[in-house]
Structures are given as C-alpha cells and as structure tokens.
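One structure is given here, and the rest of the page talks about it.
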Amino acid sequence: MPLRTVAPWVRTRLRAAPAAATAFALLVAVTAFLAALFPRAVESYESDGVRAAVTDAGPARSVIELSAPAPGLDKTQREREDALRPAPLRQRYEKTLRALPEPVRADPRQSTYGAQTVKSPQGTDRWLPHLSPVDPQFTLAAQSGLDTHARLREGRLPGGEGITSDSRRVEAAVTADTARVMRLTVGKDVHLGSELGDTVTVRITGILEPLRPKSAYWSYDPVLRTPAKAVAPGPAPQPELWHAGLLLAPDAAPVLPAVDQNPQRYWRVATDPGGLTARYLPALKSRIASLEKGPLLSELRSFTDRDARVSTDLDKVLTEHAGLRDAVAPVVAVAAYGVGGVAAVVLLMTCALSAVRRHGELALLRSRGGSVGGIVGRLLAETSVVAVPAAALGLLSAVLVVPHARVGPSAVAAAAVCVLACGALPVRAAVTHRRPRAHEGRGDLVTARPSRRRTVAELVLLVLAVGAVATLRRRGTDASGPAGAHGSGGSVDWLVSAAPLLVGGIAALLLVRLYPLPLRLCARPFARRRGVLGFLATASAGRASGAQVSPLLALLLALTTAAFGGSVLAGVQDARDRTALLAVGADARVTRDGAPLPASLADAVGRTPGVREVAAVHIDWNLSLPDGSTVPLIAADPATYARLTAGTDLGPLTAPALTAPRAGASAALPAVASPGLARKLGKKPHTFRTPSGTFTAQVTDTRTTTPALPTQGAFLLVDRKALPTAEDTALLVTGAGVTRQALVDAGAEGGARRGLDVDVRSAERAALADSPLQSGAEHVYLAAVAAGAGYAALAVLLALLQSAPRRTALLARLRTMGLGARQGRLLLALEALPQALLAAGGGALVGWTAVELLADGLDLRRIALNAHGGLSGPGDVTLRADPWSLLLPATGVVALTAGVAFAQAWWTTRRAPAADLRTGDTR
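When the letters of the sequence shown are read in order and numbered with the numbering used here, they come out as residues 29 to 951.
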C-alpha cells in the first residue's frame, strides 16, 4: 500500500495565513520599488540636467568649432582659391563628423562649414547708419546651407560663379534684421575698404528670413543674423559702431582675400544633447579635452590643416554642471540614507513581529527534534516564495516608471531588499531557537534587561553617530572640502550622509531603553486609585514583550526622516521666496530705464485685476552728501510705504516714523537711513539739494534694507511731501496673481507704451528653480517625506495588528467580569497611546534636534538657488526646523493609533465575549 504524500511545508503555511503572506509581499514589493526607483530617478534627472546645461548654454558655448587659416603666400593663387571653395571644405567637414568620438554627437541640422573674414572691413558709404564718426564694419561669410536655413523674403540668393581673389564685385544676401538696421535694400551696393587698396563692391541681391534664428547655424556668430553694437579699438573714449554680416554664396569664398588677407576656414559642429546621459559625463569631458589639446586634435589636423585649432566652451559648461551635481548629490544622499534606513528597519520589524507571532510554533518544532538547519531552510523557502516575485515586481515597476536608465544599480538595490526580506525571519529564528527550551519566562517589557551584546552594539552606533555629526558640522556634506565649497569633488561620504539616520537611531534606542520607566511611574498612582482603567492600561502595556517595542524604533526613524526632509524642503522654499523678494522688493516692480513714469500710470496699475495696492516712489540715485559722496534718495508716501514694508518684512517701519512735520514747522524732516549712512551723517540735521527740491533732514531711524532698494546697500528714505515736484520713478505693486502681461497692458493704458520694465516676483522665483537637478533633488526629498510618513503609518498598523488578538482576548475576559463597552473602548485606547505618544513626542524632538545639529553642515544654496549662489544678510540659505514637518506626522501617528484602537474596541464590543475566548487560550 503506497504511503500518502505529506503536504509540502510552503504550500501549507501559505494556505494557513494568506493575508499575512499577501501583506508581506506587498511590503517587499513597495520597498523594492522604492529601492530600485531611487538610482533610476537620480540618473534620470542628472541626465536631464546634462542635456539642459548644454541646451541652455546656447550655441556660442556648446558648438565645437574647428578653424584653420586660409593658405598663405607660400601657395599659388589657384591653390589658395581652391582651398576656399565648397568641395574641399565639404570633404573635410564630412571627415570631421566621422572623426568625432563617442559620446560627442553632432547635430547635422545645425552644423555648418564655410569661410569668413577675420578682420572686418569697413563700409565707406555715408548713407550707412553711424553710431559715431567711425564707419560700420561688416563680416563677410560664405557659409554652406544658406538655402535650407533661411526663407527668401525678397530678391534672390547670391551667386558666386567665376569669382576669384581678383574680383572686386560680389553678390551677397542679408537677413531682415540686417536690412532694417543697416538700411539695405535689394539692388543696393555696399562699398568695402580693402587691405589691397581697392574698393570691393557688394551688391545686395536678396533679403532672408532665418527659419530657426536661435539655432547654432545663426546664433554661433549672431552678427550674421542681427547687427550688433561694437567698440572701435584704441584709447578711451572708444567710439561705438555698427557691426553687421553679409552672406556670400559658397562659390564666392575666393573673394575673401581681397578684403582680408588672412580669412579663415571653419567647420562648426553643433552638439546634439539628446543622447547625452549622466554616465557619459566623464568620458565626454575627456573627449573634449582631447579635441582641444590632445590626440584627437592631431587627428583633425591630419586632414584639415596643421595650424587648425578647436575652440569650444563645452568643457566649461560640463564642469559647471558637474560642480552643481556634486554639490547636490551629497544632500540628496542624506534623504536616500534616511529612507533606506527606515525601510530596512520596518522590514526587519515585520519579520521580528512574525517571529514573535510564530514563537510557539517554532519552539514546538525544535522541542520535538527539529534541527535548526531544517527550520531555517523551511522558513527561507517560505519567505523566498513570497519575497522573490514581489521584489521582481517592484523592480519591473521601477523600470516602467523611469524607463531611460541603467538596470544594473536598480537590480542590485531590489536584490538587497529581497535578500533582507528572505533572510531576516530565518536568521531571527536560528538565533532564538538555537537551543531547545522546555520553559521560557514571559519576558515582560517592564522587567526585561538589555543584554551585553545589545549594549555594545548601541555604544558602537553612538560612536558612529557622534563622529558623523561632528564631521558634517565641520566640513559639510561635501567630502572634498568645507561646507559650501562647490568644487568638482563632491563625492558622497556614507557616514556623513547617514548622520540624520544615525542621530534618529541613537535617540530611538535611548527612548526604547527609557520606555519602561514612564510605564512604572504611571502604574504606581493608578494602582492606588479606585478606577481600574488606568491601572489595567499601564499593566497591559508593560506586559508586552520586548520585541513588540521594535515598532517604536521604526516610528522614531520614520518621523525623524519625515521631519528632516520636510525641513529641507521648507528651507529651500523659504530661500527662494526671500531671494525673489530681494530681487523685486514687492510682488511686482514697474520702472522705465531710470526715466520718470507718467503720472497716470499708478492709477492705471492700481486698477489691474489682482493688484491690492501700489506704492509710487521717487528714487534719486545721486543725492550729494556733505562729504561729496552720493547715495540713493527714496521719497515715498509714509502710510502706503509703511504698509508695504510690513507686508514684505523688508525693514518694517511705521508711518509716523517717516511723516514730515506739518507745514510751517521748523523741525527737520525725519529720515530713515542705512546703518552705514546713519553713522556718517550722525544725529545732526543736514540740508540736501536735489533737482526735485531742497530739504533739511535728520536721521531718526535705521534699516538694513527697504523695498525700494532691497539689495542696494546705502540709502536715505524721506517723506515725499518734502519734494513736491518729485516724479514717480518706480511702482511697487502688491497683490496675489499679478502677471507681467497685465501690468504691461496697464502701462500702455497709463501712457507708457514703450520702454517699460516689469519685474514680477513669481517669475523671479520660478527662474531660481529652472534646473532639472534642482527639481530632481526636491522630488527626492518630497518622496522621502512621503515614504517616511508612509512607513510610520505602516509601523503603527503592524504593531497594532500584532497585538490585536491579545487585546481582543483581554477585553473579552474583562467584559465577562462586568466591564462596559464604553470602558472597553477607552481601555484599548489608553493601552495603545503610551507608545504612540512617546514615538510622536520623541520623533518631533529628535527631528528638531537633528535639524539643529546638522543645519550648519548642510548646504542648501545650490538646490535652492542654482547658479545664483548664496546671499548674505537677510538672504542667507539656512536649514531651519519646520513646525509643520515636525508636528504633522507626529500628530498623524497619534490619531492613527487612537483611531485603530477605537475601531478594534468598537468591533470587539459588538460581539459576544464567548466568540473571542477559547479553552486553554494563553493570550
């Protein structure tokens, strides 16, 4: 008779507890997803940052130009002319494109080649526009692709058949901007001076409209597209002159030596940033260096010219980007280590609670002859069946969310989560059940004593935390130098980046050690009182096992991470708000190139939708002081300006402090001055003469800044009534939703149709966060806050679910003894609140402590302000504890704990006590 097959262990266990297996799989999948997503997200925004840096640099800095002088007099005239013709130039252009090494990629749509003058000849026609007695200059360029990069607006394209260096007449086209500024029309002749003494006549045959004016074809040498003002060489004062471009046909390039004996040939390669990624950055910098001065330059010279040279600022652009990236990376690593530590602790806590829940089962197996290896193997198989597919699902989800990144780092991170999830429970079981035990003590939390190994581990962690905090405060997150040094070093030091996590860990371990003390202290007065709820709650909380305190560790770490990340985000937002305010002085500023504004403009702006108030001020930039120096003078209405200063917090003052004395009074005019100017003027009255009137003023108060000149240093502020003829020179606007276009329209209505400068605070603030590196770092910190809060909620739920059967049985027994339903709900809430209150209060306190300890070492300037750098005085970028980030997660933990406890009590009191009691139940 064949033996019946015993049910496999893994299948039996999964069928016995499907809800627990599903919850564990979900936890592993989410954790693996976050772990795999982080390196992909960092690589993605760093790659976006590289592409944005190259794109924002513009063609003038990102184009790689290979240039070579035209052949000299050692060659025959025919050889010199042939070297400038399109065919050999195109041949060398194609070789140049093929010679570019990866990852340098060319954009053929914007790349070009040709020849042009180096010394710009002057136009001798008197009808040409002149900025000074010096004649305007022209650059003659025979550039390829003119017919594909421009639309013919008038006339025809220039021809170049039969043109040689002996020619003195040539055709050219100009852009519409050049024609408008230089007064050129089709058929006009421009006469250019020649180094050979003869005049070269250039006939305009066509006017062109560039198809993509901002492309490298037109913008590398923008004078070919738009005339520019230049300064004539020579001693000061140097006169200004116009500099414009004339576009010849490629076949007409041989005429260039007639106006410039040393023209140059060029091959301009526009780089394609679309294929650039962060991991190619070191290789790209190396290839650019080799192109400028290295083997690649020698290779290019082999088929172009031995005197050819490469010029580009792309290496500087990449170096600047690397500096920003290396400054941001260590700060982002702080968030990564925090979330990673919290996730690991929650995962270990889950396995520890599972081990406690199954302690009796595993002890029974061990006492009946089960080997440690056999138990570990079965547990490993049980967890692997759940964790491996869940981790793979998390990795796949991360790849789908961020598709364009390397899979290797994400796979390693997901595999680490999988290994931790698979091995935590078996290792815990092997350590706990290495010896069979017939009877074990209850192990109450109040009577438990920490082991020596735990003490040693905590001391080691304490030493690491102290060292990390000291190092971070001394040199900052940048491992290559002091805080704020934005060099290219910027390597991530794991010990420094883990400082907030270590601080939270030390504080959590300290609170775990101290947790029994408040329970004992609370139990004593409750024991002497007549009521039973307080005593039962503290006694029941104290009877919990030591393993059930592990959620306290996870809660504290999660709350610390959320509070620290929230404070970082709040510090970044505050820095941008303050910087934008210092740049504008109000919600918007309206000026007109230093010229007075129309008198009706203030009323027109005040009627604009969204405008709350308009403060019209008069600024005289050259107020003469008694010692002969000059400072800006600000004249404003006291009441309106006082409200503006109070709303912006830029040197707040009251209206009486600025109000002029009544007419006929002999007292001096009260004035508010900057501290330096106040020391210079002293307390004595002084008489000042301005184009708007004469007044006598005495400094009565000082302010370091004021809305009219928020960052201009010295100033003198007086009542506008002292200058009756003063005109408005600036309007400071306050109001929500003010837009630049609305203010421009109001300016046109108020009589200022041209020359109006409008600065809006919201636009200034948006410009401070235009880098993908900044937005990527902010998103990481936002995810850190969300993940910290989520793991905190998960720790609360796991702890409550773990102890739910014990609390249900306790409540059922007490109900059989006469405990009412209302008392039962209150009892469960009181039992769950001590740990939640300790975690919430400790988390807020530890978060505040971590921010205060690490604020001096964490540099947020590059994340907050990008290339704008740091500010001084009122614009310092410092990390400050954010009350909302500290209190909101902590309050949520308490509310969640109370809510779950009340829900469980409500559900339990609806059932009969017998439904929750079993004979022999030891819960």
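Where is the CB? At the ideal position from N, CA and C, for every residue including glycine.
query, result
"Residue 11 - containing alpha helix (DSSP H), residue span", "Absent from the model: residue 11. The displayed extent of the chain is 29 to 951, so no value can be given."
"According to DSSP, residues forming a beta bridge with residue 134", "299"
"Test item: CB-CB of residue 250 and residue 143 under 8 Å", "no"
"Residues bridged to residue 714 [DSSP beta-bridge criterion]", "725"
"Helix, strand or coil at residue 151 [DSSP, three-state]", "strand"
"Local Cβ density within 10 Å of residue 50, reported as buried at 16 or more and exposed below that", "exposed"
"Residue nearest to residue 252 in terms of C-alpha spacing, selected from 201, 890, 389 and 775", "201"
"Reduced DSSP secondary structure (H/G/I, E/B, other) of residue 906", "coil"
"Local conformation of residue 970 per DSSP, three classes", "Given that the chain is displayed from residue 29 to residue 951, the structure contains no residue 970 and the question cannot be resolved."
"For residue 901, three-class secondary structure by DSSP", "The predicted model places residue 901 with a pLDDT of 42, which falls under 50 and marks its position as unreliable, so this point remains unresolved."
"Segment contact, 8 Å Cβ cut-off, at least three pairs: the segment 190-204 with the segment 271-286", "yes"
"Candidates 719, 722 and 696, of which the one nearest residue 711 by Cα", "696"
"Residues of its chain near residue 860, where Cβ-Cβ distance is below 6 Å and the 5 sequence neighbours each way are ignored", "925 and 929"
"Coil, strand or helix - residue 40 by DSSP", "helix"
"Between the CA atoms of residue 767 and residue 937 - distance to the nearest angstrom", "60 Å"
"Residue 341 versus 438, 85, 865 and 73, residue with shortest Cα-Cα distance", "85"
"Paired residues, beta bridge with residue 316 - DSSP", "Looking at the DSSP assignment, residue 316 forms no beta bridge with any residue, so it has no partner."
"Whole-angstrom distance between residue 875 and residue 566, CA atom to CA atom", "27 Å"
"Residue 144 - containing beta strand (DSSP E), residue span", "140-144"
"Contacts around residue 123, its chain only, beta-carbon distance under 7 Å, and the 5 residues preceding and following it disregarded", "331"
"Residue environment, residue 779, which counts as buried when at least 16 other CB atoms sit within 10 Å", "exposed"
"CB contact flag (residue 868, residue 919, <8 Å)", "yes"
"Selection from 406, 700, 203 and 790 that minimises the alpha carbon distance to residue 610", "790"
"Best match in 884, 68 and 338 for proximity to residue 436 [C-alpha to C-alpha]", "68"
"Below-8 Å beta-carbon distance, residue 327 vs any chain C residue", "Annotation note: the requested chain C is absent from the structure, which comprises a single protein chain."
"Which of helix, strand or coil DSSP assigns to residue 673", "helix"
"Contact belief for residue 222 with residue 149 at Cβ below 8 Å, rounded distance in angstroms", "7 Å"
"Distance, residue 160 Cα to residue 707 Cα", "45 Å"
"Residue 92 versus residue 244: straight-line alpha-carbon distance, rounded", "10 Å"
"Sequence-distant residues of the same chain with beta carbon closer than 6 Å to residue 909, five excluded per side", "595, 876 and 879"
"Close Cβ partners of residue 583 (< 6 Å) along its chain, the five nearest in sequence each way excluded", "820, 823 and 867"
"Counted within 10 angstroms of its Cβ, other Cβ atoms place residue 213 as buried (16 or more) or exposed", "exposed"
"Beta-carbon proximity list for residue 145, same chain, < 7 Å, skipping 5 on both sides", "167, 168, 284, 287, 288 and 291"
"For residue 257: DSSP bridge partner residues", "270"
"Inter-residue spacing [alpha-carbon to alpha-carbon] between residue 264 and residue 162", "14 Å"
"Selected residue, minimal CA-CA separation from residue 47, among 826, 552 and 761", "826"
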